[in-house]
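In this text, residue positions in the sequence shown follow the numbering used here: the first is 1322, and each later residue adds one. We treat Cβ as the ideally placed atom computed from N, Cα and C, and that holds for glycine. Keep in mind that this is a model prediction, so the values were computed, not measured. Please read the structure below before turning to the comments.
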Amino acid sequence: MAYFPVNINIENKKCFVIGGGTVAKRKANMLLDFGADVTVVAEELKQDFEGCKVLKKPFEYDDIKSAFFVVASTDNKKLNSEIAQYCRENNIYVNSVTNADDCTFTLSSYIRQGDIVISVNTSGKSPALSKYLREYIEKIIPSNLSELLDNINGIRQNIYEKYGKNARHIFRKLIDYGFKNQGKLPVGDDYEDKNRD
């Protein structure tokens, strides 16, 4: 089953990662990267979970009653499935690292440059392929997309006001120009003239 791609604001949302290993660390870092309030629950920590709240104890369902997201990432497949079932029954979004069928959401492999996020998702079928595709895309896109986005955003309203129905055409030309010029845009505001083919 393919998952519907959607972007959700998780800033300051309570997200719980159950497990203390390498995979749990990677998932926690992904959530932290987008401003989540991350709590790790694990009896044994095999990684340093900097930036996370840590409950070093056996997992209990009461731990996640207030959760927005839960990532079940223990090395116990049965426990991960039980956590996922509890979350589904209590309308808590859940990701299980051991069984895609248990998930109500998946975490994509992604590239982030400022507010630009490019994600790749295989619906939980092959994290290795997701990673490969992400690395491939990362090699072919410019490293200054964030600067280009900020520059385009800064003139966006003016473009709509000045060019009306032709704004899409102007944006396309500006983006082409920015790709070729390290994220910079032409000087001045006569973009139609400066971007002729």
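Taking the straight line between their C-alpha atoms, what separation do you get for residue i and residue j?
i: N1472; j: K1346; result: 35 angstroms
i: P1448; j: T1360; result: 23 angstroms
i: F1380; j: G1356; result: 24 angstroms
i: Q1503; j: F1337; result: 39 angstroms
i: Y1407; j: F1389; result: 13 angstroms
i: I1404; j: L1353; result: 21 angstroms
i: A1363; j: Y1382; result: 13 angstroms
i: N1412; j: V1327; result: 18 angstroms
i: S1387; j: M1322; result: 28 angstroms
i: Q1478; j: Y1414; result: 37 angstroms
i: Q1368; j: E1459; result: 27 angstroms
i: I1480; j: G1509; result: 12 angstroms
i: I1432; j: K1348; result: 15 angstroms
i: R1493; j: I1461; result: 19 angstroms
i: E1482; j: N1474; result: 14 angstroms
i: S1451; j: M1351; result: 15 angstroms
i: C1373; j: F1500; result: 37 angstroms
i: E1332; j: K1399; result: 30 angstroms
i: D1384; j: K1378; result: 10 angstroms
i: E1371; j: I1476; result: 38 angstroms
Might you give, ordered along the chain, the residues of its own chain that have their beta carbon closer than 6 angstroms to the beta carbon of residue i, omitting 5 neighbours on each side?
i: D1518; result: Here the model assigns D1518 a pLDDT of 42, short of 50, so the residue's position is not dependable, and the following value carries that caveat. Counting only Cβ-Cβ distances below 6 angstroms, and skipping sequence neighbours, we find nothing.
i: E1468; result: G1504
i: V1418; result: V1344 and S1394
i: K1335; result: D1358, S1387, A1388 and F1389
i: Y1324; result: T1427 and S1444
i: L1466; result: Q1434 and I1437
i: Y1484; result: I1491
Quick one: residues in its chain with C-beta nearer than 8 angstroms to the C-beta of residue i, no 5 flanking neighbours on either side, listed in chain order?
i: S1464; result: Q1434
i: A1421; result: T1427, S1444, G1445 and K1446
My assumption, with CB atoms under 8 angstroms, is that residue i sits in contact with residue j. Please give the rounded CB distance.
i: N1397; j: D1423; result: 13 angstroms between Cβ atoms; not a contact.
i: Y1512; j: I1491; result: 5 angstroms
i: S1440; j: T1427; result: 10 angstroms between Cβ atoms; not a contact.
i: S1429; j: N1442; result: 4 angstroms
i: I1329; j: V1391; result: That belief does not hold up - the Cβ atoms of I1329 and V1391 are roughly 14 angstroms apart, past 8 angstroms.
i: G1341; j: L1366; result: 4 angstroms
Residues in its own chain within less than 7 angstroms of residue i by CB, not counting five upstream and five downstream?
i: R1470; result: It should be noted that the sequence gives Leu, not Arg, for residue 1470. Counting only Cβ-Cβ distances below 7 angstroms, and skipping sequence neighbours, we find G1435, D1436 and I1437.
i: R1409; result: V1415 and T1425
Would you say residue i lies against chain B (beta-carbon separation less than 7 angstroms)?
i: I1461; result: Structure shown: chain B not included; a single protein chain is present.
Just to confirm the assignment: which complete beta strand (DSSP E) runs, minimum length 3, are found wholly within the stretch 1335 to 1385?
1335 to 1339, 1358 to 1363 and 1374 to 1377
At 3 residues or longer, what runs of the beta strand (DSSP E) sit wholly inside the stretch 1410 to 1498?
1414 to 1417, 1430 to 1434 and 1437 to 1441
Spell out a yes or no on whether the stretch 1453 to 1462 and the stretch 1474 to 1492 are touching, meaning 3 or more CB-CB pairs, one atom from each, closer than 8 angstroms.
no
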